[in-house]
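Using the working numbering, read the sequence shown as starting at 74 and increasing by one per residue. Presented below is the structure to which this report refers.
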Amino acid sequence: MSRLLQWIFGRLPIGWLQLTHKRGRFMAALSGVAFANVLVFVQLGIMNSMGTATLRPYEFFSADIMISAHDANALAEGSNVARQWMLQAFADPDVIAGMGLFVGNVPWNRGDKDITFTTFGIDPGQPGFLAPDIAGDSALLRVHDVAVIDRLAR
């Protein structure tokens, strides 16, 4: 590599000479930079997965506005919203329709392990608020003890 650089530049750059003077230090610096790159990519992956996990529940619904509690950071957390807020929204002449959404965590014992599902309770008589791929299954929800489960759920 030194001969190639000498042929290209006519002389060797001082930075290259300092890097290659002690190969042990050069390898330690190179491995430190590589480890820092791995940490950055891991952090980007975690950040992307957290964003996806936060936004995924909103894809189940087709709504222009969703009213949430003041302490909610995501759809499935926070305190209950007073029904009064929905009734106040209905008083606006621009609001055509609305629906209450009930969110809760339901434990399910699967024998070998326990699973907790985040469940959404909706009015199956109003499929207009559901995403198109779920709205087709809204007729099934009218049957007692029937649920629609997301295949991508872990």
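We put the beta carbon where it would ideally sit given N, CA and C, even for glycine. If you're wondering where the values come from, they're calculated on a predicted model, not measured in any experiment.
Residue range of the alpha helix (DSSP H) that residue i falls in?
i: I81; result: 75-82
i: D205; result: For the sequence presented, residue 205 should be read as Pro rather than Asp. It spans 205-208 - the alpha helix (DSSP H) in which P205 sits, taken as one unbroken run.
i: H94; result: 87-94
i: M159; result: 156-163
Residue i bridges to which residues according to DSSP?
i: F190; result: V179
i: F134; result: L203
Please classify residue i: does DSSP put it in a helix, a strand, or coil?
i: I119; result: helix
i: L128; result: helix
i: L112; result: helix
i: V219; result: coil
Apart from the five residues on each side of it in sequence, which residues of its chain come closer than 8 Å, Cβ to Cβ, to residue i?
i: V219; result: L213
i: S141; result: L148, G151, V154
Determine the direct distance from the alpha carbon of residue j to that of residue i, and round the result to whole angstroms.
i: P205; j: R224; result: 16 Å
i: R76; j: V106; result: 25 Å
i: N110; j: G124; result: 21 Å
i: I169; j: I188; result: 38 Å
i: N178; j: T192; result: 6 Å
i: P166; j: L160; result: 12 Å
Looking only at its own chain, which residues have a Cβ that is under 6 Å from the Cβ of residue i, when we skip the five neighbours before and after it?
i: L92; result: F99
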